[in-house]
Amino acid sequence: MNPSFAQAAPQAMQPGDPGYEAILDAATGPLRDTLDGRVRLEVERIDRIGGWVFVLGSMRAPGGGRPDLAGTRFAEAAEQGAMSDIYVALLRNEGVADGGTDAGGPTVAGAGTAASGGGPWILLDHAIGPGDVAWLDWPQRHAAPRALFGF
């Protein structure tokens, strides 16, 4: 059972919005750690409801196109066509009320820490190249608002 959330509709975040870069940095940590600069994320959407953020994007090679995953733990799946280019992440900031945004919007600084004292953006879950809708059970698993995921 999901708790009710005062802000039912997600707020789309755009480049240049306060906190956008820090949230993106926190969300893409697994890509940097796992694929060591082989990919960049082409963001399709970063949606926020209060202290929740959902990131969805496509993995791209630094110069564009599909990333080369040879020599990674994903190489075999990629060769067999069992891996998508999708990357998704779910983040939570316990210091931000679920009913809206902190004063002035999602202000964060440094390594995902809210400048207004909201606390760090914590990566709760992510999926690299899922072959299905890996985030389908995230609302139940993490007690996150379903509207954040578009369903």
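The letter at position 99 of the sequence shown is residue 179 when you use the working numbering, and the numbering goes up by one with no holes.
Glycine included, each C-beta is placed from N, C-alpha and C at the ideal position.
Between residue i and residue j, which are expected to be in contact by the criterion C-beta below 8 Å, what is the C-beta distance as a whole number of angstroms?
{"i": "V135", "j": "A92", "result": "That belief does not hold up - the Cβ atoms of V135 and A92 are roughly 12 Å apart, past 8 Å."}
{"i": "A154", "j": "G109", "result": "Contrary to the premise, residue 154 reads as Phe rather than Ala in this sequence. 17 Å between Cβ atoms; not a contact."}
Are the beta-carbon atoms of residue i and residue j separated by less than 8 Å?
{"i": "P90", "j": "I129", "result": "yes"}
{"i": "A214", "j": "A224", "result": "no"}
{"i": "L228", "j": "Y167", "result": "no"}
{"i": "A162", "j": "L149", "result": "no"}
Expressed to the nearest angstrom, what Euclidean distance is found between the alpha-carbon atoms of residue i and residue j?
{"i": "G197", "j": "T114", "result": "For G197, the predicted structure reports a pLDDT of 42, less than 50, and the residue's modelled location is therefore unreliable. A value from the coordinates is still provided. One C-alpha to the other measures close to 30 Å."}
{"i": "L171", "j": "I126", "result": "11 Å"}
{"i": "W132", "j": "S138", "result": "20 Å"}
{"i": "D165", "j": "G199", "result": "31 Å"}
{"i": "L203", "j": "T152", "result": "22 Å"}
{"i": "A88", "j": "E156", "result": "41 Å"}
{"i": "V176", "j": "Q160", "result": "42 Å"}
{"i": "F231", "j": "H222", "result": "15 Å"}
{"i": "Q94", "j": "W201", "result": "17 Å"}
{"i": "R140", "j": "R226", "result": "28 Å"}
{"i": "D173", "j": "D205", "result": "The sequence shown places Asn at residue 173, not Asp. Straight-line Cα distance between these residues: approximately 13 Å."}
{"i": "V123", "j": "G96", "result": "13 Å"}
{"i": "A183", "j": "G211", "result": "Residue confidence is low: A183 scores 32 on pLDDT, short of 50, so the model does not pin down where it sits. No coordinate-derived value is stated."}
Validate contact between the stretch 139-147 and the stretch 98-106 using beta carbons, cut 8 Å, 3 pairs: no
The stretch 212-226 in contact with the stretch 107-123 per 3-pair CB rule at 8 Å: no
3 or more residues per run - each beta strand (DSSP E) lying fully within the stretch 99-169: 120-129 and 132-140
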